[in-house]
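**Student:** Pasting a structure here, questions to come.
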Amino acid sequence: MKKLTSNIIRILCIVSSIFVIPVSCIEIYEIISGRAAVDPHLRNLMDGIFWSLFTVNFLCSWCIRKHENRLEA
């Protein structure tokens, strides 16, 4: 079970790091172009997606680093 959990965390980290880059580019484009002022619903949706991906990526990376540090000690 521990190996399955570790594999799931690694897969989530990889997938979230792949998707967080295009979503962050969309966020920056919305800020620069001013589309956020026109459609606040789209802005809220993209903010939710971005921060969800960022949180998942951060927590998975933290778990992986914590596990690696435990193995080295």
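Heads up, the sequence shown is in the working numbering, so the first residue is 180 and it goes up one at a time.
Note that beta-carbon positions come from the ideal geometry of N, C-alpha and C, so glycine has one too.
#1: Can you tell me whether DSSP reads D226 as helix, strand or coil?
#2: Please name the residue in S196, S212 and V217 whose C-alpha comes closest to that of G234.
#3: Going by alpha carbons, who is nearest to W125 out of V202, Y208 and C192?
#4: Assuming M225 and E247 form a contact by the criterion Cβ under 8 Å, report the distance between their Cβ atoms to the nearest whole angstrom.
**Tutor:** Here's the rundown:
#1: helix
#2: What sits at residue 234 in the sequence shown is Thr, not Gly. Of S196, S212 and V217, the residue nearest in Cα terms is S196.
#3: A query on residue 125 cannot be resolved here, the shown segment of the chain reaching from 180 to 252 and no further.
#4: Not quite, the Cβ-Cβ distance comes to about 33 Å (not below 8 Å), so this is no contact.
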